[in-house]
């Protein structure tokens, strides 16, 4: 009786194993109509799309099992998924650039309008008040405003030297008009050497120099910061996706279609791990990006008050008027001191006519009140800068939510990269160094993207400029392209991070996942940094345990879902036959052992 029961058990086991080895006929005949519809909607030909599921040994990216995808379909969908991600990244970058451009244009236009209004007020008021003292020297004033505009727009000018040269030229011209008989060049040279001690224009030059330097430096640094931030975003958006990222994106977005479950949406943590791996280098911008935006918010404090950018830039003409008033008031005293210092001049021509003297007067101007426009622009800009501070590290989550049709929850119904079921691996941290154990994207943390490293340096340079501007200093730095970060320095940092975290420092790690035949023959990946046995010995128990294939376990599958994944869960046919034969041998030999 016992032998008969054992015989029935062997027959049942053999039948089950053979059915598993051959596959479930019902799963083979499952329709691919939904996949055909989606595939055709993307503009692809349906000529080679199977009507029902076929064997999936040909697949190189998606899990192998019964599938609705041919090799050509898999390749087309992989390219399409890469283009979709690139488009999503460009859209996000353009939106950020548009935000920065809006703030830049608003504040830049306001500052330039202030300077233009100041010059227009000067041109309207000075001829009637100062007569030929202005009209004969109008070009000197136009040149000053032109140079102030160039400086504000970023020209390589030294503002203090520019102002000093203006005052020197103006003193020579005005003194000649006030004393036409003093025409000797040697006498003018002597006058120029004593100008600082004589203070012919009173305190106006010093006041304008102190206030204009701080105001223009603050204004132009803020506008430059917006421009640099926008340029960094533009250049980072041009960084191509790595091949490993393209494979991971295909698996994330379209392998569910090939698997016959197009309605399954990516599990949230699965999507985040994929995009954190794809955008690891971009996340390294975060620290310097925050420093730049914080410095820009801080520099806006220099826009207000008597020495603020709005007051000074909009009222340059007032200091110019004060200077000419002081020169006329101090004409006799100045002449006496010049004669004492330089000797009696040679008289070359008669003095000014009574008509000219009558036309020269004094000008009293009032400071223009603030319209509140700049306050509103700066308030909006500061709010926008705070909103985009975490742009780089929040980008993976934003794309998963807005572009990747991510599942609202991680449950048995979401796509985990292999089938419908929960996604168990932990979510990686932000940045390149934290992707050392990313289970979805093979990331070589020893090879940072040099374009992004250059942009990090660009952010540092602009931050230093803003910090200098906050103190009233305008420091020139080398161009970022001349300060390319050393990869050796970065590797040293990576090794330190690895040592601190108890993780391997010299090996390039591959993610742990179930192997497919294409993994061995693709020739791609980043596992060539060191031998597998060496890396394996140096991985800590904690990190290795989180990367085992068991993290993709599918608890709670319904009977129907279990049938959909039967091809993936059954052992290989050769292994089944060996196991079956071995079982028969044991069954036949067992009575003899008694």
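Numbering (my numbering), first residue to last: 720 to 1313. Note that beta-carbon positions come from the ideal geometry of N, C-alpha and C, so glycine has one too. A quick note: this is a predicted structure, and the numbers were derived from the prediction, not measured.
Closest to residue i by C-alpha separation, out of the options, would be which residue?
i: residue 968; options: 947, 981, 977, 994; result: 994
i: residue 852; options: 1106, 1043, 1171; result: 1043
i: residue 908; options: 920, 897, 892, 923; result: 892
i: residue 1029; options: 1052, 1060, 937, 1038; result: 937
i: residue 1039; options: 986, 1132, 919; result: 919
i: residue 1159; options: 1098, 1183, 998; result: 998
i: residue 856; options: 842, 1054, 1016, 875; result: 842
i: residue 1157; options: 848, 964, 881; result: 964
i: residue 767; options: 789, 981, 783; result: 789
i: residue 1046; options: 889, 947, 1113, 1126; result: 889
i: residue 769; options: 882, 762, 791, 783; result: 791
i: residue 750; options: 1053, 981, 1056, 1177; result: 981
i: residue 923; options: 1060, 761, 1098, 1037; result: 1037
i: residue 1101; options: 760, 826, 835; result: 826
i: residue 795; options: 813, 784, 763; result: 763
i: residue 872; options: 941, 883, 840, 818; result: 941
i: residue 1163; options: 996, 1131, 869, 1055; result: 996
i: residue 858; options: 870, 840, 874, 885; result: 885
i: residue 1114; options: 783, 805, 753; result: 805
i: residue 1139; options: 822, 883, 1153, 986; result: 986
i: residue 1097; options: 929, 822, 753; result: 822
i: residue 1090; options: 1023, 1121, 1124; result: 1023
Within this structure, are the beta carbons of residue i and residue j separated by less than 7 Å?
i: residue 1185; j: residue 1018; result: yes
i: residue 1119; j: residue 978; result: no
i: residue 972; j: residue 1174; result: no
i: residue 933; j: residue 1026; result: yes
i: residue 1011; j: residue 1181; result: yes
i: residue 970; j: residue 1136; result: yes
i: residue 756; j: residue 952; result: no
i: residue 1003; j: residue 1150; result: yes
i: residue 781; j: residue 984; result: no
i: residue 1104; j: residue 1016; result: yes
i: residue 1112; j: residue 833; result: no
i: residue 1168; j: residue 958; result: yes
i: residue 829; j: residue 1093; result: yes
i: residue 1007; j: residue 761; result: no
i: residue 1171; j: residue 1000; result: yes
i: residue 1009; j: residue 943; result: no
i: residue 882; j: residue 870; result: no
i: residue 765; j: residue 949; result: no
i: residue 917; j: residue 1056; result: yes
So residue i is in the alpha helix (DSSP H); what residue range does that whole segment cover?
i: residue 1137; result: Run containing residue 1137: none; DSSP gives neither H nor E here.
i: residue 995; result: 987–997
i: residue 886; result: 878–897
i: residue 781; result: First-last for residue 781: undefined, no H or E at that position.
i: residue 933; result: 923–956
i: residue 836; result: 790–849
i: residue 785; result: Run containing residue 785: none; DSSP gives neither H nor E here.
i: residue 1014; result: 1005–1018
i: residue 1123; result: That residue, residue 1123, is in no alpha helix (DSSP H); it is neither H nor E in DSSP.
i: residue 869; result: 857–871
i: residue 1023; result: Element bounds for residue 1023: n/a, residue is neither H nor E.
i: residue 1094; result: 1092–1106
i: residue 1058; result: 1050–1061
Using a Cβ-Cβ cut-off of 8 Å (strictly less than) and excluding sequence neighbours within five positions of residue i, which residues of its own chain qualify?
i: residue 786; result: 772, 773, 774, 775, 778, 977, 978, 979
i: residue 988; result: 1129, 1142, 1144, 1145, 1146
i: residue 887; result: 911, 914
i: residue 1117; result: 811
i: residue 754; result: 768, 787, 788, 976, 977, 979, 981
If you measure from the beta carbon of residue i to each beta carbon in chain B, is any gap under 7 Å?
i: residue 996; result: The structure shown contains no chain B; it is built from a single protein chain.
Excluding five sequence neighbours on each side, which residues of the same chain lie with their C-beta closer than 6 Å to the C-beta of residue i?
i: residue 846; result: 853, 854
i: residue 1035; result: 837
i: residue 864; result: 838
i: residue 1241; result: Residue confidence for residue 1241 is low, a pLDDT of 36 falling below 50, so the modelled location carries little weight and cannot support an answer.
i: residue 921; result: 1045
i: residue 927; result: 1038
i: residue 1193; result: 936
i: residue 1290; result: Since pLDDT at residue 1290 reaches only 42, below the 50 mark, its modelled position is unreliable, and no value is offered.
Among the residues of its own chain, which have a CB less than 7 Å from the CB of residue i, if the five just before and after it don't count?
i: residue 808; result: 956
i: residue 801; result: 960, 965, 968
i: residue 1314; result: Past the edges of the chain, shown from 720 to 1313, lies residue 1314, and the structure says nothing about it.
i: residue 1213; result: No answer about residue 1213 holds up, because its pLDDT of 41 lies below 50 and its placement is not dependable.
i: residue 840; result: 1036
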